[in-house]
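Novice:
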Amino acid sequence: MRRTSPPSQDRLVIAFITASAIFALVSFTPFLLGHVPTHDENNQNLEGLINTAENRWERLVKELNKDVVQHDSNDNNIIEQSNTDKSLPLARGVAGLPMSQTPALIGAKHGSIQCDNDNYDDLAYWNDPQGDLDVDFVSPFASSDTSETRYVTFEPDRGGWNNIRMALETVLVFAAATGRTLVLPPNTPFYRLTDQSGKGAKHHGFVDFLDLEDPALRNKVKMISMSEFLEREGGGKMFTLPPGQDGKMIKNAADHCFYIAKSNYSCERIYNFLRKEGFVPELQAGHDCLIFDKEHQAAKVEYNDQELLDLLPEEEQEQIKQFCREREPKFYGSELETVPLIHFQGGEKTHRLLNHFYTFLYFVDDKIDHYYKRFVRDFMHYGDNIFCTAGKIVRALEEEAVKAGGTSFSAMHVRRGE
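Residue numbers for the sequence shown follow the working numbering, so the first one is 22 and each next one is one higher.
#1: Asp-309 bridges to which residues according to DSSP?
#2: Just the C-alpha distance for Ile-43 and Tyr-141, rounded to the nearest angstrom, thanks.
#3: Does the structure place the region 298-317 close enough to the region 352-363 that three or more beta carbon pairs sit under 8 Å?
#4: What do you reckon, are the CB atoms on Met-247 and Pro-206 nearer than 8 Å?
#5: Whose C-beta lies closer than 6 Å to the C-beta of Leu-374 among residues of the same chain, with five residues either side of it excluded?
#6: Give me, in chain order, the residues of the same chain whose beta-carbon lies closer than 7 Å to that of Asp-149; leave out the 5 immediate sequence neighbours on both sides.
#7: If you follow the alpha helix (DSSP H) that Tyr-392 is in, where does it begin and where does it stop?
#8: Report buried or exposed for Ile-185, applying the criterion of at least 16 other Cβ atoms within 10 angstroms of its Cβ.
#9: Going by alpha carbons, who is nearest to Val-242 out of Leu-262, Ala-196, Leu-214 and Thr-261?
#10: Just how far apart, CA to CA, sit Gln-327 and Asn-376?
#11: Spell out the partners DSSP gives Leu-362 in its beta bridges.
#12: Comparing alpha-carbon positions, which option in Arg-201, Pro-236, Ser-287 and Asp-157 lies nearest Lys-272?
#13: Using a Cβ distance threshold of 8 Å, determine whether the region 166-180 contacts the region 413-428, with at least three qualifying pairs required.
#14: Write down the C-beta distance between Val-194 and Phe-378 rounded to the nearest angstrom, noting that I regard them as a contact closer than 8 Å.
#15: Rounded to whole angstroms, what is the Cα-Cα separation between Gly-114 and Asp-390?
#16: Just confirm the distance between the C-beta atoms of Tyr-392 and Asp-155, as a whole number of angstroms; I'd bet it's less than 8 Å.
#17: Which of the three DSSP states, helix, strand or coil, is assigned to His-372?
#18: Report the three-state DSSP secondary structure of Ser-246 (helix, strand or coil).
#19: Going by C-alpha to C-alpha distance, which of Ala-112, Phe-158, Ser-160 and Gln-151 sits closest to Asp-143?
#20: Quick check on the burial criterion: 16 or more other C-beta atoms within 10 angstroms. Buried or exposed for Gln-318?
#21: Reducing DSSP to helix, strand and coil, say where Gly-256 ends up.
#22: How big is the Cα-Cα spacing for Ile-245 and Thr-174?
#23: If Cys-15 and Phe-381 are in contact, beta carbons under 8 Å, what's the gap, nearest whole angstrom?
#24: Which same chain residues end up closer than 8 Å to Asp-405 when comparing Cβ atoms and leaving out the 5 residues on each side of it in sequence?
#25: Under the DSSP definition of a beta bridge, which residues are partnered with His-225?
#26: Taking DSSP as the reference, what is the three-state secondary structure of Thr-261?
#27: How big is the Cα-Cα spacing for Gly-180 and Asn-208?
#28: Go ahead and pull the three-state DSSP assignment for Leu-332.
#29: For Thr-202, does the three-state DSSP call read helix, strand or coil?
Written out as structure tokens, the structure reads:
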């Protein structure tokens, strides 16, 4: 099925064009009828005309908004009991369908932020809990054989925090979709987030920023630390750690490591070991795109990626080509499906996952594609401690704006060195 924009988007465009036409008609009809205010009237008539037009415009916008709200409220009964705080609407697509056509929201509630004294729930852009359909969702790409645990390990991107976060989102969605246990990497010095004064932490883990301990998330994706992974599988079950000093230094780096080759806590030692023991997919987000197609997944054993693409229906081929553009489509299946350990070598430039997950991972089924976008929205957000601090800053800026005679503020992101 071809993906199209929601019908409501078209209605909004038509409403905007219609409103603009009415505004123009209201504004210029007096001129067309020959009533042109003169300078002798001290522009009073012109000012009154403009004010009248502006008032009519405001009333028109209010009526249009009322119509949209009324249309949406007719469908809102299906989730009204789910959302007890009527002032904070559920998180949903900006150009989303009416509520009656978004059953994934049934049972969902607006997310909350737990702060000591202040309430900053209005900053939450996620739902918690998710809707009932999302809570009960089971990925069709996860193995039904639960007798053997399959893992995915990865190297964090070596760039700035947002590059690191984007790569994590891709790996997290991959682990969730394939039913693999995600092994979190050792804590490392993140670029530009390392305290050089010696007074603070030099190493960071993802749990320092993101709420990865959320029980609802852990119910969707099993996660363990690198130390736990080596302890669980390194005694010969999946692999055997090297004897002597080499094995000891790998264990040393499992909790925290440095990107210094000669360090006793070298990240390279543990990542080199994982590259050797695991299957490293030849994937780079800027060069490849990964396709999840359950109907043709088994064929990956017999056909290479290009042959499999050629076998697909013409419409699906066009959709994949449109998504991937100049990149090479790679299909999920074969080793990506069966090997016990997948290791993403994302810290090296030839394997970087430096794209948003929704531009790299393509789920042929629209429902699955939408599910994982909601999944990231609802779970990959900063922890309450960060939002509570950010909330104080936002409120302070709003108060300053009111003092200056405004109602809000604008922010600009200025990048350094570019």
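Beta carbons are placed, not taken as given, at the ideal position from N, Cα and C, and that holds for glycine.
Bear in mind the structure is a predicted one, so any value in this text is a computation, not a measurement.
Specialist: The structure says:
#1: Glu-349
#2: Residue confidence for Ile-43 is low, a pLDDT of 41 falling below 50, so the modelled location carries little weight and cannot support an answer.
#3: yes
#4: yes
#5: Ala-188, Thr-191, Ala-306 and Gly-367
#6: Lys-130, Gly-132, Ser-133 and Asp-399
#7: 387-400
#8: buried
#9: Ala-196
#10: 22 Å
#11: Tyr-172
#12: Ser-287
#13: no
#14: 5 Å
#15: 13 Å
#16: 6 Å
#17: helix
#18: strand
#19: Ala-112
#20: buried
#21: strand
#22: 10 Å
#23: Nothing can be reported for residue 15: it is not among the residues displayed for the chain, which extend from 22 to 439.
#24: Ile-134, Gln-135, Cys-136 and Asp-232
#25: Thr-209
#26: strand
#27: 15 Å
#28: helix
#29: strand
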